[in-house]
Amino acid sequence: MSDESLLRVDDLTVEFRTDQGVVRAVDGVSFDVERGETVCLVGESGSGKTVVGESITRVLREPPGEIRGGTVHFDGQDLRSLSEAQLGAVRGDRIAHVFQNPQDSLNPVYTVGWQLIEAVQLHADVSKREARARAIDFLDRVGIPDPASRVDDYPHELSGGMKQRVAIAMALAGDPDLLIADEPTTALDVTIQSRVLGLLEEIQSEFGMGILLVTHDLGVVADVADRVVVLYQGRVMERGDVYAIFDRPAHPYTRSLLDSIPGRGAPRASAATATDSASGPADSGANNSTLTDSNSAEQSAGCCFRDRCPYAVEACRRGGHPPLYHVSGSGNAATPAEAATADGDPDREHAVSCVHFAPDGDPTVVYGTAVDSDATAGGSYSRDGSEPQ
Amino acid sequence: MGLKWYTARRVAWAGVVAFVILTVTFVLLEHAPDAQLARVQFQAAASGRSAEAAAEAYARRRGLQGPLWERYLEYLGNLASGDWGWSDSRSQPVVTAILTALPYSLLYTIPAVLLSTVLGIGIGLYSAFNQYTKTDYAATFVAFFGVSIPNFWFGIVLLLVFAVRLGWVPVLFDAELARTRPLSLANARQLALPVFVLATSAIASTMRYARAEALEYVRAAFVKTARAKGASDWRIITRHVLRPTLVPLSTILVGDLLGVILSASYLVEVVFGIPGLGRLSLDAIRRQDTALVLGTTLVPVFVAVVGNLLQDLAYGWLDPRIDYGDR
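Top to bottom, those sequences are chains A and B. So the number in this note's numbering is just where the residue sits in the first sequence, counting from 1, plus 687. So the number in this note's numbering is just where the residue sits in the second sequence, counting from 1, plus 124.
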């Protein structure tokens, strides 16, 4: 069991029942998180990253949500087979959550101290006095000034940044092994953001816990991530080491995401088109994951990113969504990632879900060195005719 | 400043409101036709005496002479000192009549209000947590049934079924039994139907409001936080959702209470033959016993004033964001 990951999510599939039909919000997502490691789930709104984070301990609202398939193993334990009561013992104690909006994540009618004491007492059999002492200690540790008097404040008496610190303190109260932080800094202004991120890193090095950070902010990712999982429409587009993702992004979607960072404005010829296509249809259509029961044959065929992809070719329209292919260091030879078990853990390698990285594909189409031949051969499906010339 | 100061001022305001109501009643009384006076005058005229002299004698006997402001002050003074006048129809002081009738009313209103509050909130919260399930639909059906069905009709039907047909409960309310052995099983049996009838209608409205309010919080981020902390569903409902839900609900509870006392009690007491406040008030109106009508009207007025006071104080206690500092 020494090789066992702290958290291992395999082929997770989550659907939502809506009035318009069943929406598959998460479709076969796999990744893992080690102790002391920060893994970032990245994607635009509606990519399913929050749903993944909430499915792990099933804090997801069911219904309308429903986990349809896959496994979630935490420290060797199958979380999906646990009862609600057993999960309750895991939540807060071993796996803690911090949610996006600190304005709403604290109960407005109880003091900060009451909520912290609750978090302590839910998992530790300690007296109220002892729990209160710990609550004050946690407030102090997350950098709240004058914690002994702040503990009796109500949430509305604190600023947003302070509230998020309280939420983090509450998450730490159970001394968790894994912290799932869902956009913990999005609602905060920039200076507070960096302090909260710094706090998370500090706590991580102190407690040695794994962090699953859900975010759309690539600046945050660059700051804290060890590894990155890029999601689009509920599917893993690309995953790998943070350096691999940022230095050699393989998937066209990842590339367009990176290009959309202000100031990173791409020197590449295709960058402008990629950014356009990323921001254009993104607003209208991208947050609608595939409706599986309506016109599914047309919709679900091929790569789910093909309509926005500047490198789409005929092959992208065929079959299902491409599996994850291993991205080799040199950028030419590729093998299916799932098969590459030789060096132990396929999930830890740089892998991408794109036909151009298939064993018979040509990564240079995306990397942009040999665009001409391939792109024009089957490239009439790219959104912009003037694109890679 | 703060809550104490607010409380003090709020209590003072309640006093002002009561004073205004009493003044309005005085003015109305002043202009109300006096059946007693009319009869005295008629009798005097019929037996050949002066109707005017009889009226004057009547006014003197009833303390109705003297300037208006003097009588007004006396009226206020008497009300404050518990002298609410003389009931002609019952030949006893109004306060005595009310105090005699009040326990009968309380016997069924207290259980009905408690039952409807606890069950109404409980079912409402359960429905909110199990929205769109079969049990939610069932609870909603019961609620609409309770709201829609007229109390008096429901009471009569229940009497026909359970008292006349099945004989499980007595048809007639035994006031003697209720007075001497209020905690006996026999008394509980004769109170079962009135409590049930009143509670069904009150449960229904409380339940609908509780469900709507709780639904707002069931999806709230802080409930998700509580779940992520490892709190059980029971704890989430009773600790995290109940309290914010109670803030708007406390308003409705006071309204419900008034509804029970003001209107439902008339019908229920008539149908079940309970000699409570509702019947007392109804009889007083029928017999034009002005003093008694006034007395029985003031009871719900005070309930309203005190209820609103308690409700305002409850807001501040339930929700710390409601700040009374600068008001």
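We put the CB at the ideal spot given by N, CA and C, even for glycine.
*When you compare each of B:142, B:128, B:127 to residue 431 of chain B by their alpha carbons, which one comes out closest?*
By alpha-carbon distance to residue 431 of chain B, the top candidate from B:142, B:128, B:127 is B:142.
*Any non-hydrogen atom of the ligand MN closer than 6 Å to residue 745 of chain A Cβ*: This structure simply doesn't include the ligand MN, nor any ligand for that matter.
*In terms of DSSP beta bridges, what is residue 727 of chain A paired with?*
DSSP, once it has assigned bridges, lists A:900, A:915 as partnering residue 727 of chain A.
*asked:* So, for residue 397 of chain B: in the same chain, excluding its five sequence neighbours on each side, which residues have a beta-carbon less than 7 Å away from its beta-carbon?
replied: Correct list, in chain order: 296, 297.
*asked:* Any beta carbon of chain B sitting closer than 7 Å to that of residue 938 of chain A?
replied: False, the Cβ-Cβ gap to chain B never drops below 7 Å.
*Give a yes or no on whether the C-beta atoms belonging to residue 713 of chain A and residue 899 of chain A are separated by under 7 Å.*
No, the pair does not count as a contact, with Cβ atoms beyond the cut-off.
*asked:* So for residue 989 of chain A, helix, strand or coil by DSSP?
replied: Assignment of residue 989 of chain A by DSSP, reduced to helix, strand and coil, places it in the coil class.
*asked:* Helix, strand or coil for residue 127 of chain B? Go by DSSP, reduced to three states.
replied: Correct three-state label for residue 127 of chain B: helix.
*For the 8 Å Cβ check, are there 3 or more pairs between the stretch 357-370 of chain B and the stretch 267-284 of chain B?*
As far as the Cβ criterion goes, the stretch 357-370 of chain B does not touch the stretch 267-284 of chain B, which means the pair count is below three.
*Between the beta-carbon of residue 838 of chain A and the beta-carbon of residue 823 of chain A, is there less than 7 Å?*
In this structure, residue 838 of chain A lies near residue 823 of chain A, with their beta-carbon atoms less than 7 Å apart.
*Are there 16 or more other CB atoms within 10 angstroms of the CB of residue 144 of chain B, so buried, or fewer, so exposed?*
Exposed, since its Cβ has fewer than 16 Cβ neighbours within 10 Å.
*asked:* Along the stretch 349-361 of chain B, where does the CB come closer than 9 Å to a CB of chain A? Name the residues.
replied: Here the close residues are 349, 350, 351, 352, 353, 354, 355, 356, 357, 359.
*Would you call residue 155 of chain B buried or exposed, if buried means 16 or more other Cβ atoms sit within 10 Å of its Cβ?*
Counting Cβ neighbours within 10 Å, residue 155 of chain B comes out exposed, since fewer than 16 surround it.
*Hey, quick one: how far does the beta strand (DSSP E) through residue 718 of chain A stretch, first residue to last?*
708-720 is the span of the beta strand (DSSP E), which, as asked, contains residue 718 of chain A.
*State the DSSP-derived secondary structure class of residue 855 of chain A, mapped to helix, strand or coil.*
Residue 855 of chain A falls in the helix class under three-state DSSP.
*For residue 254 of chain B, which residues of its own chain have a beta-carbon under 6 Å away from its beta-carbon, when the five flanking residues on both sides are left out?*
Non-local C-beta neighbours of residue 254 of chain B in its own chain, meaning closer than 6 Å and more than five positions away in sequence, comprise 260, ordered along the chain.
_Given a cut-off of 7 Å on the beta-carbon distance, is the pair residue 243 of chain B and residue 327 of chain B in contact?_
Yes, these two residues count as a Cβ contact at 7 Å.
*Are any of the Cβ atoms in chain B nearer than 7 Å to that of residue 786 of chain A?*
Yes - at least one Cβ of chain B is within 7 Å of the one on residue 786 of chain A.
*Following the continuous alpha helix (DSSP H) through residue 398 of chain B, name the residue where it begins and the one where it ends.*
Here residue 398 of chain B belongs to no alpha helix (DSSP H), and DSSP marks it neither H nor E.
*Can you have a look at residue 1097 of chain A and say buried or exposed, based on whether 16 or more other CB atoms are within 10 angstroms of its CB?*
Limits of chain A in this structure are 688 at one end and 1076 at the other, which puts residue 1097 of chain A out of reach.
_Cα-Cα separation, residue 184 of chain B to residue 230 of chain B_ = Approximately 38 Å between the Cα atoms of the pair.
*Note down, in chain order, every chain B residue with its Cβ under 8 Å from the Cβ of residue 795 of chain A.*
Those within 8 Å of residue 795 of chain A in chain B are 346, 368, 443, 444, 445.
*Evaluate residue 694 of chain A with the Cβ neighbour count: other Cβ atoms within 10 Å of its Cβ, from every protein chain shown; 16 or more gives buried, anything less gives exposed.*
With 16 or more other Cβ atoms within 10 Å, it is buried.
*Taking 7 Å as the cut-off, decide whether the C-beta atoms of residue 222 of chain B and residue 400 of chain B are in contact.*
Their beta carbons are not under 7 Å apart, which means residue 222 of chain B does not touch residue 400 of chain B by this criterion.
_Tell me which residues share the same chain as residue 744 of chain A and place their Cβ nearer than 8 Å to its Cβ, disregarding the 5 neighbours each side in the sequence._
Closer than 8 Å at Cβ, skipping near neighbours: 766, 774, 777, 778, 782, 784, 867.
*What does a CB cutoff of less than 6 Å around residue 214 of chain B pick up in its chain, not counting 5 residues either side in sequence?*
The answer, listed in chain order, is 221.
_So residue 791 of chain A contacts chain B; which residues on that side make the cut at Cβ distance below 7 Å?_
The contacting residues are 344, 345, 346.
*Just the Cα atoms here: how many angstroms apart are residue 981 of chain A and residue 440 of chain B?*
Here the model assigns residue 981 of chain A a pLDDT of 38, short of 50, so the residue's position is not dependable, and the following value carries that caveat. A direct Cα-to-Cα measurement between residue 981 of chain A and residue 440 of chain B gives close to 51 Å.
_Is there a C-beta anywhere in chain B that falls below 7 Å from the one on residue 841 of chain A?_
With respect to chain B, the C-beta atom of residue 841 of chain A has a partner C-beta closer than 7 Å.
*From residue 412 of chain B to residue 241 of chain B, what does the alpha carbon distance come to, in whole angstroms?*
Their backbone Cα atoms lie some 36 Å apart in a straight line.
*Amino acids of chain B, ordered along the chain, whose beta-carbon sits closer than 9 Å to that of residue 762 of chain A*: Those do not exist, as residue 762 of chain A stays about 16 Å from chain B at its closest Cβ, beyond 9 Å.
*Is DSSP giving residue 865 of chain A helix, strand or coil here?*
Reduced to three states, the DSSP call for residue 865 of chain A is strand.
_Less than 7 Å between the C-beta atoms of residue 746 of chain A and residue 351 of chain B, yes or no?_
Contact flag set, yes.
*Under 6 Å Cβ to Cβ from residue 391 of chain B, same chain only, skipping five residues before and after it: list those, please.*
If we look at residue 391 of chain B and ignore the five residues flanking it on each side, its Cβ neighbours are 275, 276.
*Rounded to a whole number of angstroms, what is the C-alpha to C-alpha distance between residue 157 of chain B and residue 402 of chain B?*
Put simply, the backbone Cα of residue 157 of chain B is about 23 Å away from that of residue 402 of chain B.
*asked:* Quick test of your reading: residue 376 of chain B and residue 341 of chain B, contact by CB under 8 Å. State the CB separation rounded to the nearest angstrom.
replied: Actually they do not touch by this definition, with Cβ atoms about 16 Å apart.
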